[in-house]
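Going down the list, the protein sequences come from chains A and B.
Numbering-wise (the numbering used here), the first sequence opens with residue 635 and increments by one.
Numbering-wise (the numbering used here), the second sequence opens with residue 635 and increments by one.
Glycine included, each C-beta is placed from N, C-alpha and C at the ideal position.
2 protein chains.
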Amino acid sequence: MSGFSFQLKKTDGRARLGEIKTAHGVVRTPAFMPVGTQAAVKAMRPDEVRALGTDIVLANTYHLMLRPGAERIAQLGGLHKFMNWPHPILTDSGGFQVMSLSPLRKIDADGVTFRSHLDGAMVALTPERAVEIQDLLGSDIAMQLDECLRLPAERAEVERAMRLSLAWAERSKRASEHAKNRALFGIVQGGAEPSLRIESARALVDISFPGYAIGGLAVGEGQEVMLATLDLVTPVLPADRPRYLMGVGTPEDLIEAVSRGIDLFDCVLPTRNGRHGLAFTRFGAVNLKNARHAGDPRPLDPESACSAARDYSRAYLHHLVKANEILAAMLISAVNLAYYQELMDGMRAAIAAGRFADFREEARGRWARGDFAALT
Amino acid sequence: MSGFSFQLKKTDGRARLGEIKTAHGVVRTPAFMPVGTQAAVKAMRPDEVRALGTDIVLANTYHLMLRPGAERIAQLGGLHKFMNWPHPILTDSGGFQVMSLSPLRKIDADGVTFRSHLDGAMVALTPERAVEIQDLLGSDIAMQLDECLRLPAERAEVERAMRLSLAWAERSKRASEHAKNRALFGIVQGGAEPSLRIESARALVDISFPGYAIGGLAVGEGQEVMLATLDLVTPVLPADRPRYLMGVGTPEDLIEAVSRGIDLFDCVLPTRNGRHGLAFTRFGAVNLKNARHAGDPRPLDPESACSAARDYSRAYLHHLVKANEILAAMLISAVNLAYYQELMDGMRAAIAAGRFADFREEARGRWARGDFAALT
């Protein structure tokens, strides 16, 4: 872990400005990680992802262990080289996607056994194997294996999964002692149960990790429950370790979570919505499938630093979406990722200047006002 | 037509080095035009298409007249602005795709009536309307409406279609007299019938066009018939006008056609094959779907000027193809387009240096040798 460190540089309310150092470079926090599920951020070249202001990407252990395989990626020199991304990479543990994608799975104290959604093979994932896979990939930040439930769930079930995840946290840490140049994060579970969330967080802090993730949110519980959980959990976590809210979220989620002390995010929304014709801009979401754009010569945002938002008309983007052109996914994903990174950059600058509350109000005001093109 | 001119700068055997000037810039010939069927080169951003050495792209009148409509594109400032491509554009007349895509069509002396493959609406296309549409699009080089048959076809049928295309050539030219800043090319037809090809070419030269296309090839007749047709037709065409071989072809087709005096090409192969995992390199075609690439750390061509060919391993490209990642289409299309433009650049330099025959032999030698990775 010699290659990993976190420095908290400034706080503004509970919002935090920081810097994670890894063997592959620096991550300015709060940071948004585009998702490269299968070792590729969908419809984006890695040099573009970087140019839009990305410090770190996430890749999914579940997908990569099944195809092309962790050992194969290790033979090829690791994930950074494989995907031509020489900058920081965080990998999840595979647990979440075993739950959501595998057609058949069995969980016991030892780990999870599941059927591959690709070829039907039975695959076993233990806390130790999840660590080993992430070492083979060469991630800068690895995640412990956990069990993630869909909400709502019975309290007893939530408690069982939380305690299992804690046991796996200890085993993951032991399996990880040898690791140089990468950090292992523990994951707070406990569903929507305040006492379980606090218990989980305290127990993980006792085990001690270089960073803490908050998992099991954005799985159907609604933004209020999510924010209430953050209000409970972040005060339990040590100030000198980064905090990662997994799988979140919308631009509003990001601002609200940063205002509650979160440092790291990942989400498929910018690229998934990009492939479905939905653009994020400073003035809210724009559905480019809508026929009202068909004759609109204006770009999505003439003031964007991103060429895709500035140099192509809404009429053209609408046409590309209707015509099922791959270029639609490419351009709108770029627009969305640019906006997400611009938002993170704005938050970092606002915290540095001690004006995060103002920044938050300004952003919310623009979203409330709505897309400028709808108003003119 | 004041904006259009052609200068023949040098010949080497029958191969020609030239320059087309248009209102939107210069086209160095021999030139390859990537195909932007629906106002987008598939899976490529226009700035990338340009950066890979492209002077001119082709767009398809048939697709654009149906969606988003020629009048709509005109309202939006024309095709160059619409697709963010401020460089030269050639449009076809729509005739070829009426034949190949419309589920229902009726041809008579006046023109063709067909059912849109998008919404079933009946649409009429006459020589005059084809010119009007291309004017609305704002093309730099427009094509006359012609009737293109699939080969083999009966001689009587080929003759009928050729004569109809000649009549439409005259009407197209009359409809085009007013046009400023764009050229109209006539299209030589006549199938695989030598006497009809020569008659068609002579008649078009009598009508007089600023450039001549050779159509109705690469429609199933085989390379030998195609090259024999070029041997017959190019001597009939005036040396001071550019010659465009429509819809062709493979890298070998391009070299053979240039050696017979052709100046302009378009073909979907580089981008279509790119979407299907097939790469073109200096050493021939590489099928990246093939499992033999799964562990291969080598790039497609370490000496390519194209990042996609140089900075990504075959193993990674194989993975992207297997995983159906859009990035596979993006990278392999770029590899292919880069190779096509590198080939054209090599041909232009060879003609300038008076060593086209050597260049042709060297290229054929590399293709015959095969992909370097297969041999090592």
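CB contact flag (residue i, residue j, <8 Å)
i                        : j                            : result
glycine 918 of chain A   : phenylalanine 899 of chain A : no
proline 945 of chain B   : arginine 916 of chain B      : According to the sequence shown, residue 945 of chain B is aspartate rather than proline. Taking 8 Å as the Cβ cut-off, aspartate 945 of chain B and arginine 916 of chain B do not qualify as a contacting pair.
alanine 963 of chain A   : alanine 677 of chain A       : yes
threonine 905 of chain A : asparagine 970 of chain A    : yes
valine 870 of chain A    : valine 892 of chain A        : no
alanine 983 of chain A   : cysteine 940 of chain A      : no
arginine 894 of chain A  : arginine 648 of chain A      : yes
leucine 830 of chain A   : valine 792 of chain A        : yes
aspartate 874 of chain B : arginine 650 of chain B      : no
glycine 1004 of chain B  : phenylalanine 993 of chain B : no
Chain-order list of residues whose beta-carbon lies under 8 Å from that of residue i (same chain, five-residue window excluded)
i                            : result
leucine 692 of chain B       : Met667, Pro668, Val669, Gly670, Ile723, Leu724, Thr725, Asp726, Asp900
serine 773 of chain A        : Ala693, Leu713, Ile723, Leu724, Thr725, Arg816
phenylalanine 638 of chain B : Ile654, Lys655, Thr656, Ala657, Asp774, Ile775, Asn815, Arg816, Ala817, Pro844
leucine 710 of chain B       : Phe716
aspartate 930 of chain A     : Ser947, Arg948, Ala949, His952, Ala1007
leucine 771 of chain B       : Ala693, Thr695, Leu698, Ala704, Ile707, Ala708, Gly712, Leu713, Ile723, Thr725
Any C-beta of chain A under 8 Å from that of residue i
i                         : result
isoleucine 723 of chain B : no
serine 829 of chain B     : no
lysine 956 of chain B     : yes
aspartate 887 of chain B  : no
methionine 964 of chain B : yes
aspartate 726 of chain B  : no
histidine 714 of chain B  : no
aspartate 945 of chain B  : yes
glutamine 709 of chain B  : yes
glycine 929 of chain B    : yes
proline 702 of chain B    : yes
Where residue i sits in the DSSP three-state scheme
i                             : result
phenylalanine 1013 of chain B : Missing from the structure shown is residue 1013 of chain B; chain B here goes from 635 to 1010 and no further.
glutamine 778 of chain B      : coil
lysine 923 of chain A         : coil
leucine 609 of chain B        : Here chain B has residues from 635 to 1010 only, and residue 609 of chain B is not among them.
arginine 709 of chain A       : According to the sequence shown, residue 709 of chain A is glutamine rather than arginine. Glutamine 709 of chain A falls in the helix class under three-state DSSP.
methionine 880 of chain B     : coil
phenylalanine 819 of chain A  : strand
leucine 785 of chain A        : coil
lysine 676 of chain B         : coil
glutamate 886 of chain B      : helix
valine 853 of chain A         : coil
arginine 805 of chain B       : helix
Boundaries of the beta strand (DSSP E) in which residue i is found, first to last residue
i                        : result
aspartate 900 of chain A : 898–901
glycine 659 of chain B   : 659–663
valine 955 of chain A    : Segment 948–956 is the alpha helix (DSSP H) holding valine 955 of chain A; no beta strand (DSSP E) there.
threonine 645 of chain B : 639–646
glutamate 653 of chain B : 649–656
leucine 724 of chain B   : 723–725
lysine 740 of chain A    : 739–741
Residue i at chain B interface by Cβ criterion, 8 Å
i                         : result
threonine 1010 of chain A : Low confidence applies to threonine 1010 of chain A: its pLDDT is 47, below 50, so where it sits in the model is not reliable enough to give any reading.
tyrosine 950 of chain A   : yes
glutamine 768 of chain A  : no
alanine 776 of chain A    : no
histidine 658 of chain A  : no
lysine 923 of chain A     : no
arginine 706 of chain A   : yes
Chain-order list of residues whose beta-carbon lies under 6 Å from that of residue i (same chain, five-residue window excluded)
i                     : result
valine 902 of chain A : Val669
serine 810 of chain B : Val765, Leu818
Host alpha helix (DSSP H) of residue i (start-end)
i                         : result
methionine 860 of chain B : 857–867
methionine 756 of chain A : Here methionine 756 of chain A belongs to no alpha helix (DSSP H); instead the beta strand (DSSP E) covers 756–759.
valine 732 of chain B     : 729–735
serine 941 of chain A     : 941–944
leucine 839 of chain B    : Correcting the residue identity first, residue 839 of chain B is valine in this sequence and not leucine. Taken as a continuous stretch (DSSP letters only), the alpha helix (DSSP H) holding valine 839 of chain B covers 828–841.
threonine 695 of chain A  : 695–700
7 Å CB neighbourhood of residue i in its chain, flanking five on each side removed
i                         : result
glutamine 768 of chain B  : Thr695, Thr725, Ala776
valine 732 of chain A     : Tyr696, Arg739, Val746, Phe748, Leu759
isoleucine 841 of chain B : Ala803, Glu804, Lys807, Gly820
glutamate 781 of chain A  : Gly729, Ile741, Ala795, Leu798, Ser799
methionine 978 of chain B : Pro664, Ala665, Phe666
glutamine 641 of chain B  : Gly652, Glu653
proline 761 of chain B    : Gly745, Gln778, Leu779, Trp802, Arg805, Ser806, Ala809
Neighbouring residues, chain C, relative to residue i (Cβ below 7 Å)
i                         : result
asparagine 907 of chain A : Included in the structure are the protein chains A and B, with no chain C among them.
Cβ-heavy atom distance, residue i to the ligand SAH, below 7 Å
i                       : result
cysteine 782 of chain B : The ligand content of the structure shown is nil, which means the ligand SAH is not present either.
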